[in-house]
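Per my numbering, residue 153 is the first one in the sequence shown, and the count goes up by one each step. Everything on this sheet refers to the single structure shown next.
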Amino acid sequence: MENVDVIVVGAGVAGLTAARLLEIAGRRCVLLEARDRIGGRVHTDRSGGRVTDLGASWIHGITDSPVAAAAGAFGLRTVEFTVGGYQPDSRPIAHYGPDGDRLSEDEARRYIDDIRAVDAALLGTIAASGPDDSYRDVTEAALAAQGWDAVRTQRVREYLEHRSEEQYGAGIDDLAAHGLDDDAIDGDEVVFPDGYDELPAHLAEGLDVRLSTPSTRVEWSTDGVVVLTEHEVFSAQQAIVTVPVGVLQSGDLVFSPALPDAHAAALSRLAMNRFEKVFLRFPERFWDRDVYAIRQQGPEGRWWHSWYDLTRLDGEPTLLTFAAGPAAEQTADWDEERLVASVLAQLRRLYGDSVPAPTAIHRTAWQHDPWSRGSYAFMLPGSTTADHDDLASPIGDRLHLAGEATWTDDPATVSAALLSGHRAAERVVGRPLPIDALWDDEAARSV
């Protein structure tokens with residue numbers, strides 16, 4: 153049995169953050185990572201000479217963002233791309249109507265104004281919602297309050313459905329009424345043309361990370377914590393477990409004793425989403441220039457309604473679309489040929505039959521990944537924002553849970569993962585730790 157001060161289960165951003173701060177504070181840590189790489193759901197593919205972020209892509213709002221601060225300090229290159237929050241207009245977007253024709257500027261502005269009107273009404277509707285209301289319930293109430301005709305109502309209804317799917321990978325009926333309460337973006341959004349995985353790579357420098365080491369059992373008591381893996385056993389005074397909600401719910405990682413009732417209840421009101429990326433690389437750029445995104449209204453856009461132009465990031469004509477929520481579930485077992493044909497049918501509807509076949513396609517499969525079982529967590533009807541905090545409550549002063557789903561203000565983000573790791577590290581040492589010690593040597597020396 154190997155003994156350390158703190159065991160950290162999971163070498164994603166939350167686990168790396170916690171371990172790095174604990175090492176700075178003088179605690180000996182070991183990170184146990186099931187995958188053969190670090191980063192968790194931050195994963196960059198570099199095959200074929202391309203840089204493709206298969207997991208996290210954006211910093212959703214760089215103002216006061218610790219991730220943006222870390223990226224700057226580590227010298228990571230970023231490019232502004234402010235449409236990751238499914239905004240209707242923040243940057244140039246080509247909107248296409250149900251007939252497949254692009255909306256004029258006036259038509260697009262009226263459509264966007266309608267979205268803004270419903271969003272304003274949603275503030276009060278959500279505040280007055282019942283504990284079991286879904287996002288569908290509150291959006292329908294806000295739409296009804298507008299007194300619009302059926303056609304006008306339907307186009308905004310579709311937008312709200314798609315926003316639920318793209319923001320949380322969940323159907324609008326499955327998302328809690330408060331599920332998008334944290335959907336505020338402060339400042340520009342940016343992406344990483346050289347790959348988001350540079351962030352966990354820097355966080356991991358100097359840490360003791362054991363790759364390809366899945367944890368199978370966590371035993372905790374007043375005496376400490378023992379973590380069993382397939383081939384080794386580790387003991388420590390405390391442990392931080394950072395695995396995703398999907399893994400916590402799977403039973404593949406056994407807790408003994410079981411997680412307390414408050415933690416189990418909070419966990420039962422969260423779910424992992426279905427959210428997959430589809431990258432399409434083309435021999436030429438056939439779509440509108442000088443736009444960040446292409447959006448399609450109407451029944452034809454039920455699944456494939458949004459495409460994001462990555463050409464200026466990737467150096468070759470590239471569109472990114474998402475299979476989100478119901479689309480991800482129903483296309484999960486499609487082969488590549490069927491998937492491409494389905495997406496191309498919609499692009500050719502907008503741009504004509506001359507749209508070429510892609511030269512390359514790359515799609516993700518997070519819902520089938522045993523170490524995540526989805527892309528990130530969302531709130532089911534009946535949940536409250538307090539569930540995130542309850543999940544993070546210390547367990548017997550020995551065990552701590554961290555990760556994006558344990559952070560209340562901005563869950564489902566890398567920022568949430570980083571901040572939750574910071575909080576867990578502070579709870580272990582029992583005192584404040586400056587978060588900038590992660591990237592600032594002077595701050596680290598002051599710990």
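In this text, a Cβ means the ideal position worked out from N, Cα and C, and glycines have one as well.
- Within the same chain, 165, 208, 219 come within 6 Å of residue 566 by CB-CB distance, once the 5 residues on both sides are set aside.
- Beyond the five residues adjoining it in sequence on each side, residue 214 comes within less than 7 Å, by CB distance, of 220, 339, 340, 342 in the same chain, given in chain order.
- Taking 8 Å as the upper bound for CB-CB distance, residue 399 and residue 525 are in contact here, some 6 Å apart.
- With fewer than 16 other Cβ atoms inside 10 Å of its own Cβ, residue 508 counts as exposed.
- For residue 540, the number of other beta carbons within 10 angstroms of its own is at least 16, and it is reported as buried.
- Taking the Cα of residue 171 as reference, the smallest distance to any Cα among 597, 345, 575 is reached at 575.
- In this structure, the alpha-carbon of residue 243 lies about 7 Å from that of residue 444.
- For the pair residue 404 and residue 583, the Cα-to-Cα distance works out to about 33 Å.
- DSSP places residue 520 outside any alpha helix (DSSP H), giving it a letter other than H or E.
- For residue 377, the enclosing beta strand (DSSP E) stretches over residues 376 to 381.
- Contact check for residue 433 and residue 510: beta-carbon distance about 6 Å, within the 8 Å limit, so the pair qualifies.
- Pairing residue 465 with residue 345 gives a Cβ-Cβ distance under 8 Å.
- Contact between the stretch 199 to 207 and the stretch 232 to 247 is absent: fewer than three C-beta pairs spanning the two stretches fall below 8 Å.
- Note on geometry: alpha-carbon atoms of residue 593 and residue 394 lie some 26 Å from one another.
- Between residue 319 and residue 238 a beta carbon distance of about 6 Å is seen, short of the 8 Å cut, so the two are scored as contacting.
- Taken through DSSP and simplified to helix, strand or coil, residue 209 comes out as coil.
- DSSP places residue 394 in the coil class of the three-state scheme, outside both helix and strand.
- Taken through DSSP and simplified to helix, strand or coil, residue 552 comes out as strand.
- By the Cβ neighbour-count rule, residue 598 is exposed, with fewer than 16 other Cβ atoms within 10 Å of its own.
- Residue 557 holds the alpha-carbon nearest to the alpha-carbon of residue 529 among 441, 191, 557.
- Looking at 502, 173, 162, 176, the one whose alpha-carbon comes closest to that of residue 185 is 162.
- Put simply, the backbone Cα of residue 392 is about 52 Å away from that of residue 257.
- Using a Cβ distance threshold of 8 Å, residue 324 and residue 277 do not count as a contacting pair.
- Of the other Cβ atoms in all chains shown, 16 or more fall within 10 Å of the Cβ of residue 428; this residue is therefore buried.
- In terms of CA proximity to residue 337, 210 leads the group 210, 569, 351, 366.
- Taken in chain order, the whole alpha helix (DSSP H) runs of length 4 or more contained in the stretch 225 to 291 are 257 to 279.
- The continuous beta strand (DSSP E) containing residue 408 extends over residues 406 to 408.
- Setting aside the 5 residues that flank it on each side, residue 480 is surrounded in the same chain by 321, 426, 427, 428, 519, each with a C-beta closer than 7 Å to its C-beta; the list follows chain order.
- Secondary structure note for residue 460: it is in no alpha helix (DSSP H), and the uninterrupted beta strand (DSSP E) holding it is 458 to 461.
- Within the stretch 283 to 355, the runs of alpha helix (DSSP H) that reach at least 4 residues and sit entirely inside it are, in chain order, 287 to 296, 302 to 320, 350 to 355.
- For residue 491, the enclosing alpha helix (DSSP H) begins and ends at 488 to 503.
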